[in-house]
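Residue numbers (the UniProt record's numbering): 1 to 669.
Data first, discussion second: the structure below is written as structure tokens.
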Amino acid sequence: MAWSCGGRGQGSSLPPSLSLSLPIFSFCRQLTVISLLRHHHPMKTKEMDAPPEKAHGLHDPELSKPTLEHLHAIDDPDLGLSEEEKATLDRRLLRKLDRRLIPWLSLLYLASFLDRTNIGNAKLEGLQTALHMSNAQYNASLTVFFVSYSVFEPLTNVLLKRTRPSLFIPTILVLWGICMTTMGLVHNYGGLLTARWFLGLAEAGLFPGISYYLSCWYRRAEFGIRMAVFFSAAALAGSFGGLLAAAIAQMDGVGGKEGWAWIFILEGLATVVLGAMSYWLVYDFPDRAAFLSEAERKRVLRRLAADTQGSGAREQQFKSAYVWASLQDSKTWLGCVIYMGADGALYAFSLFVPTIINGLGYSSTRAQLLSVPPYACAAILTVTIGYLADRTRQRGLYNIVVSLVGIAGFIMLLAAESAGVQYAGVFLGAMGIYPCIANTISWVSNNVEGAPVPCHPSTQFLIIPEGVYKRGITLGLMIGWGNLNGIVSSNIYRTEDAPRFYPGHGVVLGYLVVFLLGGSVVQYLLLRRENRRRVRGERDYRLEGLGAEEVEELGDQRPGFLYTFCDEIDDLVWVYIGSFETLEATGARAGEDKAIPVIILPSLTRRAGQGYVHSLFTWGLQAEFFIYFDSYYKENPDRWEAHNISSCQGYLTRCFWRLHREKKDNRRK
1 MAWSCGGRGQ
11 GSSLPPSLSL
21 SLPIFSFCRQ
31 LTVISLLRHH
41 HPMKTKEMDA
51 PPEKAHGLHD
61 PELSKPTLEH
71 LHAIDDPDLG
81 LSEEEKATLD
91 RRLLRKLDRR
101 LIPWLSLLYL
111 ASFLDRTNIG
121 NAKLEGLQTA
131 LHMSNAQYNA
141 SLTVFFVSYS
151 VFEPLTNVLL
161 KRTRPSLFIP
171 TILVLWGICM
181 TTMGLVHNYG
191 GLLTARWFLG
201 LAEAGLFPGI
211 SYYLSCWYRR
221 AEFGIRMAVF
231 FSAAALAGSF
241 GGLLAAAIAQ
251 MDGVGGKEGW
261 AWIFILEGLA
271 TVVLGAMSYW
281 LVYDFPDRAA
291 FLSEAERKRV
301 LRRLAADTQG
311 SGAREQQFKS
321 AYVWASLQDS
331 KTWLGCVIYM
341 GADGALYAFS
351 LFVPTIINGL
361 GYSSTRAQLL
371 SVPPYACAAI
381 LTVTIGYLAD
391 RTRQRGLYNI
401 VVSLVGIAGF
411 IMLLAAESAG
421 VQYAGVFLGA
431 MGIYPCIANT
441 ISWVSNNVEG
451 APVPCHPSTQ
461 FLIIPEGVYK
471 RGITLGLMIG
481 WGNLNGIVSS
491 NIYRTEDAPR
501 FYPGHGVVLG
511 YLVVFLLGGS
521 VVQYLLLRRE
531 NRRRVRGERD
541 YRLEGLGAEE
551 VEELGDQRPG
561 FLYTFCDEID
571 DLVWVYIGSF
581 ETLEATGARA
591 GEDKAIPVII
601 LPSLTRRAGQ
611 GYVHSLFTWG
621 LQAEFFIYFD
631 SYYKENPDRW
641 EAHNISSCQG
651 YLTRCFWRLH
661 REKKDNRRK
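Here it is as structure tokens:
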């Protein structure tokens with residue numbers, strides 16, 4: 001075999017700079033080292049850190065700025081531990097994060113969604129009659145919330161980053177709790193309109209803020225299920241809200257207040273209490289989180305750096321370039337279309353489902369109670385889809401399938417005459433809307449920046465791009481535009497259209513079709529085509545003449561960045577050449593001055609599980625792959641310059657998958 005395993009730069013067919021310093025790349029999830037080969041030894045699976053050697057050769061002083069996270073610069077608290085011990089500590093850390101972050105943040109979002117949608121419950125208890133509002137005025141009171149909510153939402157992630165989560169999130173909770181309480185004290189339409197406007201302003205920062213905040217704690221492969229659990233609180237709010245409203249309405253006449261007023265007052269005061277408690281129960285970014293020990297903080301930061309995720313810990317200078325990068329990215333606008341379809345349907349459903357059920361012939365109290373089961377089913381399915389999408393990494397496919405369920409539900413509401421069939425349509429409608437929100441947030445988050453850029457061969461460390469601002473801006477724009485469609489959603493279910501509500505159901509059906517055909521399918525096809533072009537090397541021209549910093553600025557436009565959607569190939573194959581000294585953290589023997597080839601394959605595919613990945617790498621396939629690599633280097637030695645690393649990576653990827661497909665074809669024959 002043409003591969004050489006000589007010492008550093010001696011007897012090796014690779015140049016010294018490559019043997020010493022080819023950086024580790026991960027393009028999606030947790031680095032999984034599939035094979036560690038030495039003198040034909042059996043394969044071992046290791047987790048690899050970036051080599052801690054000093055840079056040599058060309059040096060760019062900009063690379064040492066604090067805006068770059070160096071994996072080796074974060075002390076490894078687990079140095080010297082076995083892989084099993086590290087895995088145990090990692091699981092324990094993840095459970096601790098889940099206990100401290102997810103339940104409380106989910107409770108806060110439950111309060112948020114309850115407070116913005118309980119006006120639908122209050123209407124059934126006489127709100128509109130008591131304030132002498134026409135149908136148009138009632139709908140306007142719904143609309144004004146979405147105006148302030150949507151206008152200020154894109155700005156909130158920047159404010160969150162500029163302040164601290166432990167200050168920003170509790171403060172907005174207290175403010176909107178006060179606004180909600182005042183809604184129970186108003187005596188006319190103007191007072192309700194004003195309170196709803198300020199409620200939207202105060203609530204604007206919670207959902208995009210926590211979406212961004214959670215992405216700064218978890219690896220991308222772990223984010224989807226946590227986001228799903230968090231967003232399932234919205235469905236639980238609908239379920240819990242119906243029960244709570246039915247109970248609170250029994251206080252009608254207490255203290256001279258009607259039942260609808262007590263719904264606002266009690267739920268608003270509860271939010272103020274939650275906000276006050278949040279000053280102690282919402283934590284800052286991982287580097288300052290008080291509930292973690294110093295070793296745990298380092299472990300979190302190293303997990304994120306290895307997964308190429310920003311932690312929000314670094315002090316970054318905001319640049320207008322991040323705004324323009326987001327605005328010029330087609331994924332931002334496709335994300336807006338997708339989220340518009342999901343959010344428009346969501347708000348129409350959540351604001352009017354008690355009215356819809358009441359229109360089927362049930363009393364107000366029974367309609368409140370019958371709204372509980374559909375929301376409960378939606379919450380369960382939201383978490384299930386989040387789990388499955390993380391495991392299979394087919395977020396686009398799940399968007400398509402789940403939206404079809406929602407479309408079927410609203411077709412039933414439009415076409416069926418039986419109240420029972422229409423109620424079944426309400427179930428399918430809820431189950432076809434709620435999972436799409438969390439899944440879309442995860443899908444867009446995974447595909448905006450977040451992956452490392454090719455380092456200069458002389459640098460020896462992993463660069464995490466300043467993608468947290470772009471990701472935050474993109475999410476803010478997308479969520480803000482989606483919520484702006486609440487203006488439409490709050491005006492489509494009119495009293496005069498009862499009991500069938502054909503216009504309202506038709507608009508929601510249209511939103512779901514836009515979500516399916518105008519967004520998810522188009523995004524899936526475009527990302528699939530772009531990935532194939534990058535694998536074929538058709539985007540390598542973007543790197544011509546660029547230095548390391550210029551390559552960094554490309555972000556997710558780099559040829560080496562592959563998007564997650566629904567495909568067999570989600571990540572790139574990479575090869576790292578180094579000495580045992582650079583692999584101390586992986587458990588390899590230190591001090592031996594011999595180069596060893598290591599194949600790193602980040603989460604090849606979840607479709608058939610890890611067993612499939614291991615069985616794929618027989619010794620014969622590895623040997624053939626190395627021959628390809630060695631032959632390619634001899635013919636193209638100049639390609640290992642900094643601006644051509646991604647081109648070579650693309651070539652190696654194509655070689656590997658060609659071999660893989662050939663072997664699959666041979667097995668079939």
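Ideal Cβ placement from N, Cα and C applies to all residues, glycine included.
- For the region 463-503, there is no continuous beta strand (DSSP E) assignment of 3+ residues that stays within its boundaries.
- Of the candidates E153, I119, P77 and G518, I119 places its Cα closest to the Cα of S490.
- About 5 angstroms separates the beta carbons of A237 and L110, which is inside the 8 angstroms limit, making them a contact pair.
- Cβ contact annotation for N139 (same chain, cutoff 8 angstroms, sequence separation greater than five): S490, N491 and R494, in chain order.
- Counting C-beta pairs closer than 8 angstroms gives fewer than three between the region 409-426 and the region 191-209, which falls short of the contact rule.
- If you look at M412, you'll find it in the alpha helix (DSSP H) that goes R395 to A415.
- The residue among L79, R219, E538 and A325 with its C-alpha nearest the C-alpha of L304 is R219.
- Around the beta carbon of T117, 16 or more other beta carbons sit within 10 angstroms, so the residue counts as buried.
- Put simply, the region 360-379 does not touch the region 502-516. Fewer than three CB pairs are less than 8 angstroms apart.
- Remark: C-beta atoms of A419 and L346 do not approach each other more closely than 8 angstroms.
- It is roughly 17 angstroms from the alpha-carbon of G432 to the alpha-carbon of V337.
- Assigned with DSSP and collapsed to three states, M431 falls in helix.
- Contact between the region 245-259 and the region 152-170 is absent: fewer than 3 CB-CB pairs across the two stretches fall below 8 angstroms.
- Ranked by Cα distance from A235, the first of A276, L101 and G429 is G429.
- If you compare the alpha carbons of I74, R500, N485 and F113 with that of T355, the shortest gap goes to R500.
- The Cβ neighbour count for L484, taken over all protein chains shown within 10 Å, is at least 16; the residue is labelled buried.
- Looking at V444, N399, S445 and N447, the one whose alpha-carbon comes closest to that of P435 is N399.
- Counting C-beta atoms within 10 angstroms of its own C-beta, F145 has 16 or more neighbours from the protein chains shown and is therefore classed as buried.
- In the displayed model, E294 falls within a helix according to three-state DSSP.
- Within the same chain, V372, Y375 and A376 come within 6 angstroms of S239 by CB-CB distance, once the 5 residues on both sides are set aside.
- In terms of Cα proximity to K257, the closest of L89, L334 and L185 is L185.
- When secondary structure is reduced to three states using DSSP, I74 falls in the coil class, being assigned neither helix nor strand.
- In the structure shown, the three-state DSSP call for S364 is helix.
- The C-beta distance from Y339 to T474 rounds to 11 angstroms, too long to fall under 8 angstroms, and the pair is not in contact.
- Excluding its 5 nearest sequence neighbours in each direction, V405 has C-beta neighbours in its own chain below 7 angstroms: L428, M431 and G432, listed in chain order.
- One Cα belongs to I178, the other to V151, and the distance between them is close to 21 angstroms.
- Here G482 is not near A276, since their CB atoms are 8 angstroms or more apart.
- Inside the region 178-228, DSSP marks whole alpha helix (DSSP H) runs of 4 or more residues at positions 189-203 and 206-215, from first to last along the chain.
- For V372, the uninterrupted alpha helix (DSSP H) segment begins and ends at V372 to T392.
- A direct Cα-to-Cα measurement between D78 and A295 gives close to 8 angstroms.
- For G275, the enclosing alpha helix (DSSP H) covers residues G259 to L281.
- At a Cβ-Cβ threshold of 8 angstroms, F231 and T382 count as neighbours.
- Annotated three-state conformation of A289 is coil, per DSSP.
- With a cutoff of 8 angstroms on beta-carbon distance, A438 and M227 are scored as near each other.
- A direct Cα-to-Cα measurement between Y213 and F285 gives close to 8 angstroms.
- Assigned with DSSP and collapsed to three states, H132 falls in coil, not helix or strand.
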